[in-house]
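In my numbering, the protein residues as written are 564 to 1066.
Structure first, commentary second.
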């Protein structure tokens, strides 16, 4: 009720009309529990009124029959390009953040993004792996994911333990990133098994000192000890308990896999005892990474019981010969690993996707040319059929709305919206005050707004044809500017703004 009383007089605005008004849609705000047909007025990229009274604007969107919701906030988006932004806009994303891997140098990365312009809001964490590569290999850092991908041809940063001086140097590189405004620290521990407990303890102590969250791809994901997923999550819990650091466990579905019951119990138990731990999942039973990652060394293949046919490159299943050939010759090549047999193992995926208070995050990958393995032309639209990436970069959120909400009734539409907008904002807002203005439809909030048809919203991308945009997102606004209008993308739109901590 407070939302109505607080804006009762707002429709009587004098002078010019609102910049843009959204009329007659079902407005859902997951924080206030508003779920009603309302009108929204937007001025200067901010929500100025939410009312059931008549309002007028310089531009009007007729939202009859549509759901009006806060734009989705993706905590785990590796694409970080115009092409990736456009594909994610059709999926309802208005803020795409690189937090699990992160980047360094942070200042350089933000400068590049601002110079090129972005469709969606953007931000990044300071990358432990980038700091480790630079220190252990003796090479300068470069603030892009391609540099990280190419580093898989090197081995010291992956397998060598850091000595005391190296541990200090790695932490100093990360600290510089925090001081330049990173959104936290990204720890891709699963890619560097040489990173020991004490080295990572120093990273978590740093996070606690600066009061920033740590976004972790856990060290181990084996079904049994040692280095099991359960043991690795227990390690994260110990860091939170010992240092007070805020912890976020990335892609619970792909690192837990069939041991999800144990990992759920550990996280829920830690949360019940007051430890600041959150998690996320994506809506697929397949992951994507580089073929040269330590995750797929001989021990990993054997202990995880992986069949080579579960691993695909450009949509083609591999065999013993082709797997080892590509791993040796092109270790940076991006593959898909189908770890669940869907729909038979849908219950295992559900335990991650439906985790109480858990966020949805895509783990969307960069769009690469099938022939060269290099990033596609960032300015082409529509996306060429020669491009390839995991379909989660095009359909994570619309898949949630189509399958878990409309078809299976496993979530209400309000619950799905909360997992995709409010909960991600709340994970960050303790250290990033700007996130208190996102993930909500309330007065004074940023006008990152999506309008979709609940009867038709649908992911369309597949593993064999991943370039198909999702459908059903009729309007997408970023900072009050239309990116998608009546289901059609504006290829010239660049309204995205940086999300950044005040150093």
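Beta carbons are placed, not taken as given, at the ideal position from N, Cα and C, and that holds for glycine.
Simplified DSSP state of residue i, which is helix, strand or coil
i, result
"residue 622", "strand"
"residue 1091", "The structure shown does not extend to residue 1091, since the chain spans only 564 to 1066, so no value can be given for it."
"residue 564", "Reliability fails at residue 564, whose pLDDT of 32 lies under 50, so the model's placement of it is uncertain and the value that follows must be treated cautiously. Coil."
"residue 821", "helix"
"residue 774", "coil"
"residue 569", "For residue 569, the pLDDT reaches just 38, beneath the cut-off of 50, and the residue's location in the model is therefore unreliable, although a value from the coordinates is still provided. If DSSP states are grouped into helix, strand and coil, residue 569 belongs with the helices."
"residue 590", "strand"
"residue 782", "coil"
"residue 528", "Nothing about residue 528 can be reported from this structure: the residues present for the chain run from 564 to 1066 only."
"residue 853", "strand"
"residue 901", "strand"
"residue 598", "strand"
"residue 876", "strand"
"residue 808", "coil"
"residue 1066", "coil"
"residue 799", "helix"
"residue 863", "helix"
"residue 890", "helix"
"residue 563", "No information on residue 563 is available, as it lies outside the stretch 564 to 1066 that the chain covers here."
"residue 545", "In the structure displayed, the chain extends from 564 to 1066; residue 545 sits before or after that span and is not available."
"residue 907", "coil"
"residue 881", "coil"
"residue 714", "helix"
"residue 827", "helix"
"residue 709", "helix"
"residue 858", "helix"
"residue 838", "coil"
Per DSSP, the bridge partner or partners of residue i
i, result
"residue 1035", "Partner(s): none; residue 1035 has no beta bridge."
"residue 832", "None, per the DSSP bridge assignment."
"residue 609", "606, 1009"
"residue 1061", "685"
"residue 581", "620"
"residue 728", "None, per the DSSP bridge assignment."
"residue 844", "923"
"residue 791", "785"
"residue 614", "602"
Heavy atom of the ligand MN within 7 Å of residue i beta-carbon
i, result
"residue 997", "Questions concerning the ligand MN fall outside what the structure shown contains, since it holds no ligand whatsoever."
Assumed close pair residue i, residue j - CB separation to whole angstroms, cut-off 8 Å
i, j, result
"residue 690", "residue 666", "5 Å"
"residue 594", "residue 1003", "5 Å"
"residue 1061", "residue 686", "6 Å"
"residue 1118", "residue 692", "Here the chain covers residues 564 to 1066 and nothing more, so residue 1118 does not appear."
"residue 803", "residue 826", "With 8 Å as the limit, residue 803 and residue 826 do not qualify as a contact, their Cβ atoms being about 15 Å apart."
"residue 849", "residue 902", "6 Å"
"residue 636", "residue 957", "Going by Cβ atoms, the distance from residue 636 to residue 957 rounds to 17 Å, so no, they are not a contact pair."
"residue 724", "residue 759", "5 Å"
"residue 954", "residue 896", "About 18 Å; that fails the 8 Å criterion."
"residue 695", "residue 755", "6 Å"
**OP:** Taking only runs that begin and end inside the segment 914 to 977, name each unbroken alpha helix (DSSP H) of 4 or more residues, in chain order.
**Re:** 955 to 962
**OP:** Starting from the N-terminal side, write out each stretch of the beta strand (DSSP E) that is 3 residues or longer and does not extend beyond the segment 972 to 1058.
**Re:** 1012 to 1015, 1036 to 1041, 1044 to 1048
Original post:
In the segment 623 to 697, which residue ranges form an unbroken alpha helix (DSSP H) of at least 4 residues, counting only runs that do not cross its ends?
Top reply: 645 to 652, 669 to 679
Original post:
Can at least three beta-carbon pairs, one atom from the segment 626 to 645 and one from the segment 1003 to 1015, be found at a separation below 8 Å?
Top reply: yes
**OP:** Inspect the CB distances between the segment 807 to 818 and the segment 922 to 932 and report whether three or more fall short of 8 Å.
**Re:** yes
**OP:** Determine, using beta-carbon pairs with one atom in the segment 767 to 777 and one in the segment 731 to 744, whether at least three such pairs fall under 8 Å.
**Re:** yes
Original post:
Can we say the segment 643 to 660 touches the segment 931 to 948, given the rule of at least three CB pairs closer than 8 Å?
Top reply: Touching, yes.
Subject >> Segment contact, 8 Å Cβ cut-off, at least three pairs: the segment 978 to 998 with the segment 871 to 888 >> reply: Using a Cβ-Cβ distance cut-off of 8 Å, the segment 978 to 998 and the segment 871 to 888 are not in contact, since fewer than three pairs of beta carbons, one from each stretch, lie closer than that value.
Subject >> Segments of 3+ residues assigned as beta strand (DSSP E) that fall wholly inside the segment 721 to 768 >> reply: 748 to 750
Original post:
Counting pairs of Cβ atoms below 8 Å between the segment 992 to 1008 and the segment 962 to 969, do you hit three or more?
Top reply: no
**OP:** Count the CB pairs spanning the segment 609 to 623 and the segment 582 to 590 that are closer than 8 Å, and state whether there are at least three.
**Re:** yes
**OP:** Take every Cβ of the segment 674 to 685, pair it with every Cβ of the segment 1039 to 1051, and state whether three or more of those distances are shorter than 8 Å.
**Re:** yes
Original post:
Counting pairs of beta carbons, one from the segment 826 to 840 and one from the segment 859 to 873, are three or more of them closer than 8 Å?
Top reply: no
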